[in-house]
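So the structure is just underneath, and the comments pick up after that.
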Amino acid sequence: MKRVCVTGAGGFIGHHLVTFLKRRGYWVRGVDLKHPEYTDVDADEFEILDLRRWDAALQATRGVDQVYALAADMGGMGYISTHHAEILRNNSLINLHTLDAAVINGVERYLYSSSACIYPEYRQTEADVVPLKESDAYPAQPQDAYGWEKLFTELLCSYYADEYPMQTRIVRFHNIYGPLGTYDGGREKAPAAICRKVALAEDGGSIEIWGDGEQTRSFCYIDDCVEGIYRIMQSDYPKPLNLGTDEMVSITQLAHMVIEVAGKRDISLQHVPGPQGVRGRNSDNSLLRKVLGWEPTTSLRDGLVPTYGWIETRLTSRDRV
Numbered sequence: 373m374k375r376v377c378v379t380g381a382g383g384f385i386g387h388h389l390v391t392f393l394k395r396r397g398y399w400v401r402g403v404d405l406k407h408p409e410y411t412d413v414d415a416d417e418f419e420i421l422d423l424r425r426w427d428a429a430l431q432a433t434r435g436v437d438q439v440y441a442l443a444a445d446m447g448g449m450g451y452i453s454t455h456h457a458e459i460l461r462n463n464s465l466i467n468l469h470t471l472d473a474a475v476i477n478g479v480e481r482y483l484y485s486s487s488a489c490i491y492p493e494y495r496q497t498e499a500d501v502v503p504l505k506e507s508d509a510y511p512a513q514p515q516d517a518y519g520w521e522k523l524f525t526e527l528l529c530s531y532y533a534d535e536y537p538m539q540t541r542i543v544r545f546h547n548i549y550g551p552l553g554t555y556d557g558g559r560e561k562a563p564a565a566i567c568r569k570v571a572l573a574e575d576g577g578s579i580e581i582w583g584d585g586e587q588t589r590s591f592c593y594i595d596d597c598v599e600g601i602y603r604i605m606q607s608d609y610p611k612p613l614n615l616g617t618d619e620m621v622s623i624t625q626l627a628h629m630v631i632e633v634a635g636k637r638d639i640s641l642q643h644v645p646g647p648q649g650v651r652g653r654n655s656d657n658s659l660l661r662k663v664l665g666w667e668p669t670t671s672l673r674d675g676l677v678p679t680y681g682w683i684e685t686r687l688t689s690r691d692r693v
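The opening residue of the sequence shown carries number 373 in our numbering; numbering runs sequentially from there.
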């Protein structure tokens, strides 16, 4: 039985990944600063550890064959655009310590969770953006500290794989969403935030959208995400791979899709000032298809149905308390 460690196991993608791995017969240690907020722990062990500390990273990675490194200080645009120093410091410490501790503890394979935020601003200035290939990362110009740290750690993983007996894999997430994720408090991503706003709106009401709503993105459903993570870890490909869909929509289109899924009537969009990130971003999945013979298949509308349903149920239950 393979023994694995999932860092960030109290977070959205992390606890979904723990469940996925347990169903496939892995022994799993989950590590985070907190337990999963919306579900029970599925891991064989779950340790509350602060990976910004070197001793905690050594403890987290002991006695395992593989590490899925998902731990990060992150959130939606409202958070990552206003906490640059905190994010750069925390994530640098987490990843430097965890990667080095994995080598010391004899880990065989290490998957690092990077982000589409590593891509240069100059390639994302138009809403009708050309889909981003993995090779588009350089010359580098990420928008935020979050993206700079991710790009730095990608390089670090590659160098570690060259110089130490540990293989590394790198996945670049493109806007992952789904049930059991943060939907309020400031760290939520756009799909969850819009689902929350629509769920709270009455027929004939309105919801707020940051900016003009014409900024574009692609969104990847959580089930496809964890399947992709697992396939990338098992592959022989050591360089970064995009993990997302190429179904690009504007934020306005996303909002109308959520309104349709919700069955609400006459909900208008009120455009207000707020951080918008890059103007356009989409995933080019050509390399992912070539390497894995696979790519995410869940359409945005199909993924929004369970996502909205879960958030609406959470809000309804909260109101009853």
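Beta carbons: idealized from backbone N, C-alpha and C, even for Gly.
All of these numbers come straight from a predicted model, not from anything done at the bench.
* What do you reckon, are the CB atoms on G635 and Q587 nearer than 8 Å? -> Not in contact: G635 and Q587 (Cβ atoms no closer than 8 Å).
* Asked: Whole beta strand (DSSP E) runs in the region 523-566 with 3 or more residues, listed along the chain?
  -> Qualifying beta strand (DSSP E) stretches, in chain order: 539-545.
* Asked: In chain order, what residues of the same chain lie with their CB nearer than 8 Å to the CB of L504, ignoring the 5 residues before and after it?
  -> Correct list, in chain order: A488, Y491, R495, Q496, N614, R653, N654, S655 and D656.
* Indicate whether I566 and L468 have their beta-carbon atoms separated by less than 8 Å. => When the beta-carbon positions are compared, I566 and L468 stay at least 8 Å from each other.
* To do: With a 10 Å radius around its C-beta and 16 neighbouring C-beta atoms as the bar for buried, classify E574 as buried or exposed.
  => By the neighbour-count rule (16 or more Cβ atoms within 10 Å), E574 is not buried but exposed.
* Asked: From G397 to D416, what does the alpha carbon distance come to, in whole angstroms?
  -> Distance between the alpha carbons of G397 and D416 is about 11 Å.
* Which of the three DSSP states, helix, strand or coil, is assigned to A634? -> In the structure shown, A634 sits in a helix (DSSP, three-state: H, G or I).
* Which word fits Q642, buried or exposed, when buried means at least 16 other C-beta atoms lie within 10 angstroms of its C-beta? -> A residue is called buried once 16 or more other Cβ atoms fall within 10 Å of its Cβ, and Q642, having fewer, is exposed.
* To do: With a cut-off of 8 Å on the beta carbons, I'd call R481 and M605 a contact; round off their distance for me.
  => Yes, they are in contact, since the Cβ atoms of R481 and M605 sit about 7 Å apart, within 8 Å.
* Would a C-beta distance cut-off of 8 Å place T362 and A474 closer than the cut-off? -> A query on residue 362 cannot be resolved here, the shown segment of the chain reaching from 373 to 693 and no further.
* Asked: Does the beta-carbon of Y440 have 16 or more other beta-carbons within 10 angstroms, so that it is buried, or is it exposed?
  -> By the 16-neighbour rule on beta-carbons within 10 angstroms, Y440 is buried.
* Going along the chain, which unbroken runs of the beta strand (DSSP E) with 3 or more residues stay wholly within the region 582-650? -> Listed in chain order, they are 588-590, 612-615, 620-622 and 640-644.
* Do T379 and L442 come within 8 Å of each other at the CB atom, strictly closer than that value? -> Going by C-beta atoms, L442 is nearer than 8 Å to T379.
* Asked: Closest by CA to Y484, which one among E521, R690, Y451 and L676?
  -> Closest option to Y484, Cα to Cα, is E521.
* Does the beta-carbon of S640 have 16 or more other beta-carbons within 10 angstroms, so that it is buried, or is it exposed? -> The residue is exposed, with fewer than 16 neighbouring Cβ atoms inside 10 Å.
* **Pick from V644, I466, D412 and G448 that is closest to R425, judged by C-alpha positions** => Comparing Cα positions, the closest option is I466.
* With 16 other CB atoms within 10 Å as the buried threshold, where does T617 fall? -> Buried.
* Looking at Y518 and M446, is the spacing between their C-beta atoms short of 8 Å? -> Yes. Within cutoff.
* Close-in-space but distant-in-sequence residues of the same chain around A683 (CB under 7 Å, 5 per side omitted) -> The question names Ala, but residue 683 is Ile in the sequence shown. Once the five neighbours on either side are set aside, the close Cβ partners of I683 are Y555, A564, C567, R568 and A571.
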